[in-house]
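Enquirer: Quick one: the structure is below, questions incoming.
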Amino acid sequence: MLYHAMCVTYHRLLPYPLMRTPFQMTSILLGYVFFSLYAGPRLMAHRKPYHLKTAMIVYNFSMVFLNAFLVYEFLMSGWGTTFTWRCDLCDYTSSPQALRVMAWWFYFSKFIELLDTLFFVLRKKHSQITFLHVFHHSFMPFTWWWGMTIAPGGMSSFHAMVNACVHVIMYTYYGLSAAGPRFQKYLWWKKYMTAIQLIQFVLISLHVSQYYFMEKCDFQVPMFIHLIWMYGTFFFVLFSNFWIQAYIKGKRLPTATKEANSLSKRLGLY
């Protein structure tokens with residue numbers, strides 16, 4: 000039954016780019032890792048960093064609009080209409096709601112976000128290209144290909160909606176920041192950036208944690224619930240530790256904000 004449903008879903012996705020086989024997606028991500036960690040830094044080794052102010056402003060605000068569109072699509076295709084926000088099952092049907100392209104657009108947006116790293120390379124910000132940054136940027140599109148094929152929609156898509164909401168805020172901040180000093184007065188809320196990240200991971204982990212306490216939930220692919228829980232919990236622990244060290248033990252409130260924003264960029268969570 001599940002195998003048949005997955006076959007139906009796979010054939011529905013065939014017309015979409017980067018969905019025919021996992022090899023296309025995997026090849027791009029392997030190339031991304033190679034460029035980020037080896038080819039890119041070597042290419043820029045004897046070159047001056049590029050000044051990409053205009054490109055970064057356009058890119059960041061384009062991502063704001065794209066993620067706002069994704070939030071709208073997630074809400075209209077279930078989360079704001081028919082979902083219970085508890086045990087919502089995968090939808091393997093060909094209903095108009097199931098066929099809304101929000102899942103593919105979210106998946107595709109993760110490839111666009113690889114440009115985050117390209118900007119780091121071209122600006123010679125190599126210290127920000129950490130293992131966690133590269134891991135996060137390659138992990139998301141890889142898992143989402145399988146998620147769209149095996150477990151489309153339902154409760155496993157909640158983290159994507161939350162992630163898109165956070166990205167609207169993050170890309171707005173970085174777009175204004177890239178615009179120059181005259182916009183700094185509009186960035187008074189930057190001290191809340193780390194808190195927003197923490198709230199994101201709390202919401203993601205709490206939502207999927209319901210699965211473990213429900214008397215009955217017939218979600219078709221429990222493996223994805225486990226992966227999402229581990230993802231949310233891992234990054235929550237990471238950011239919580241930073242919050243404690245910077246804001247509580249260190250009491251470095253004036254500088255902690257700057258470091259928090261730097262950490263957010265390094266992890267690729269904006």
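Just so you know, numbering that gives the first Met the number 0 puts 17 at position 18 of the sequence shown, and the rest follows in order with no gaps. No residue lacks a Cβ here, since even glycine has one placed at the ideal position from N, Cα and C.
1) Grouping DSSP H, G and I as helix and E and B as strand, with all else coil, what is Ser137?
2) Between Gly152 and Ala97, how many whole angstroms is the CB-CB distance? I'm expecting something under 8 Å.
3) Which residue wins for smallest C-alpha separation from Asn162, given the options Phe134, Met147 and Leu202?
4) Indicate whether the contact test is met: 3 or more Cβ pairs, each with one atom in the region 140-160 and one in the region 202-214, closer than 8 Å.
5) Nearest CA to the CA of Gln244: which residue from Thr193, Val32, Ile224 and Phe130?
6) Once DSSP output is grouped into helix, strand and coil, what is the label at Gln23?
7) For Leu252, which of helix, strand or coil comes out of DSSP?
8) Report buried or exposed for Met55, applying the criterion of at least 16 other Cβ atoms within 10 angstroms of its Cβ.
9) Do the region 49-67 and the region 165-179 touch if we need at least three Cβ pairs shorter than 8 Å?
10) Classify Leu13 as helix, strand or coil using the three-state DSSP reduction.
11) When you compare only the Cα positions, how much space is there between Thr92 and Cys6?
12) What's the call for Leu268, buried or exposed, on a 16-neighbour Cβ count within 10 Å?
13) Phe157: beta carbon under 7 Å from a heavy atom of the ligand FAD?
14) When you compare each of Ile224, Leu36, Tyr58 and Lys189 to Cys86 by their alpha carbons, which one comes out closest?
15) For Pro180, name the three-state secondary structure that DSSP assigns.
16) Beta-carbon within less than 7 Å of Leu275's beta-carbon, same chain only, minus the 5 sequence neighbours each way: which residues are those?
17) When the Cα atoms are used, what is the spatial distance from Ser108 to Ile128?
18) Return the chain-ordered list of same chain residues with a C-beta closer than 8 Å to the C-beta of Pro221, the five sequence neighbours on each side being excluded.
19) Mind reading off the beta-carbon distance from Phe105 to Leu69? Whole number of angstroms is fine, and I expect it under 8 Å.
20) Taking the alpha helix (DSSP H) that Tyr58 falls in, what are its first and last residues?
21) For Ile198, name the three-state secondary structure that DSSP assigns.
22) Just to confirm my understanding: we take Phe235, look at its own chain, exclude 5 residues before and 5 after, and list those with CB closer than 7 Å. What are they?
Expert: According to the structure shown:
1) Locating residue 137 in the sequence shown gives position 138, counting from the first residue. Ser137 falls in the helix class under three-state DSSP.
2) Here the question's residue 152 lines up with position 153 in the sequence shown. Here the question's residue 97 lines up with position 98 in the sequence shown. Going by Cβ atoms, the distance from Gly152 to Ala97 rounds to 6 Å, so yes, they are a contact pair.
3) Residue mapping note: residue 162 aligns to position 163 of the sequence shown, counting from 1. When only C-alpha atoms are compared, the closest one is Leu202.
4) yes
5) Stepping through the sequence shown from its first residue, residue 244 is reached at position 245. Per the Cα distances, Thr193.
6) Locating residue 23 in the sequence shown gives position 24, where the first residue counts as 1. DSSP places Gln23 in helix when its eight states are reduced to three.
7) Here residue 252 refers to the residue found at position 253 when the sequence shown is read from its first residue. Only weak support exists for where Leu252 lies, its pLDDT of 47 falling under 50; the coordinates are left without a value.
8) Locating residue 55 in the sequence shown gives position 56, where the first residue counts as 1. Under this definition Met55 is a buried residue.
9) yes
10) Counted from its first residue, the sequence shown places residue 13 at position 14. The answer is coil: DSSP assigns Leu13 none of H, G, I, E or B.
11) Looking up residue 92 in the sequence shown gives position 93. Looking up residue 6 in the sequence shown gives position 7. Spanning the two alpha carbons is a distance of roughly 11 Å.
12) As a first step, residue 268 is located in the sequence shown; it is residue number 269 there, counting from the start. At Leu268, the pLDDT of 46 sits below 50, so the modelled position is not reliable; the number obtained from the coordinates is stated separately. Buried, since its Cβ has 16 or more Cβ neighbours within 10 Å.
13) Of ligands this structure carries none, so the ligand FAD is not represented either.
14) Here the question's residue 86 lines up with position 87 in the sequence shown. When each option's Cα is compared against that of Cys86, the closest is Ile224.
15) Counting from one through the sequence shown, the residue named residue 180 turns up at place 181. Residue state, collapsed to three classes: helix.
16) Outside the displayed range of the chain (0 to 269) lies residue 275, so it cannot be described from this structure.
17) What you label residue 108 is simply residue 109 of the sequence shown in a count that begins at 1. What you label residue 128 is simply residue 129 of the sequence shown in a count that begins at 1. Taking the straight line joining both Cα atoms gives about 19 Å.
18) On the sequence shown, residue 221 is found 222 positions in, with the first residue counted as 1. Cβ neighbours of Pro221 beyond the five flanking positions: Tyr210.
19) Here residue 105 is taken as the residue at index 106 of the sequence shown, counted from 1. Here residue 69 is taken as the residue at index 70 of the sequence shown, counted from 1. Confirmed, Cβ separation roughly 5 Å.
20) To locate residue 58, count along the sequence shown from 1; it is residue 59. Note, Tyr58: alpha helix (DSSP H), Lys52 to Phe73.
21) The residue labelled residue 198 in the question sits at position 199 within the sequence shown. Ile198 falls in the helix class under three-state DSSP.
22) Within the sequence shown, residue 235 is the residue found at index 236, counting from 1. Cβ within range, chain order: Leu197, Phe200, Val201 and Ser204.
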